[in-house]
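Input: a single structure, listed below in structure tokens.
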Amino acid sequence: MRLNWLSKVFGGREDAVALALYHGVVAQARLPHWYEAGGVPDTIDGRFDMIAAILSFVLLRLERDPSAAAASARLTERFVSDMDGQLRESGVGDIGVGKHIGKMMGMLGGRLGAYRDGLAARDLRPALERNLYRAGPPAPAALAHTQDALFAFDARLAALPTSTILAGDIA
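Following this note's numbering, the residues of the sequence shown are numbered contiguously, the last one being 154.
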């Protein structure tokens, strides 16, 4: 009983799974092709938007497996924890962090809906223009690259067993 309590306090297997998967999400979002060929702005906002995009695709894939609901929730919690730390490191005070996190979670929820709809319609361009290229319209070749790469990423995720995804192996 005591070890069970300690694992809840200090993490445990669920946190390790979420951390490994979140590291995989961030690694995918940091790939240079998103910023070079894809034209995603290499800024704090652009990097947030790319992490949110990759995270959205992973969460959408996990939605397809009801047994992954808890892992999906833990992954989202890991994202919130990371964003909380990033905000604090950038100088946002305790009072402002909650407000910023609430806004980020709203942005993530909007992206999930937009990317879900884009995948269903096989057209991510409107969602990408609104959520990934907020600074202005991208070059057509950049938009095409990003859309094609995200469709390929989604196809790779669909082909992977959930256990592989939960291990953070989403490349």
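The beta-carbon is built from N, C-alpha and C at its ideal position, and this holds for glycine as well.
Since we're looking at a predicted model, the values are computed, not measured.
Note that the C-beta distance between G29 and H128 is not below 8 Å.
Put simply, the region 90 to 106 does not touch the region 8 to 19. Fewer than three CB pairs are less than 8 Å apart. Annotated as distal: I34 and V63, with beta-carbon spacing of 8 Å or more. Per DSSP, reduced to three states, the secondary structure at Y98 is helical.
Of all alpha-carbon atoms in E60, L102, A103, T147, the one lying nearest the alpha-carbon of A1 is that of E60. Sixteen is the threshold: since fewer than 16 other Cβ atoms of the shown chains lie within 10 Å of the Cβ of R117, the residue is exposed. Across the structure, R139 and L107 are spaced so that their CA atoms are roughly 17 Å apart. Under the 10 Å beta carbon count, R57 is surrounded by 16 or more other beta carbons and is classified as buried. Inter-residue distance for A124 and D131 is about 10 Å (C-alpha atoms, whole angstroms). Counting along the chain, the unbroken alpha helix (DSSP H) around L42 starts and ends at 27 to 46. The beta carbon of G151 lies closer than 7 Å to those of A3, L4, H6, G7 in the same chain, with the five residues before and after it left out.
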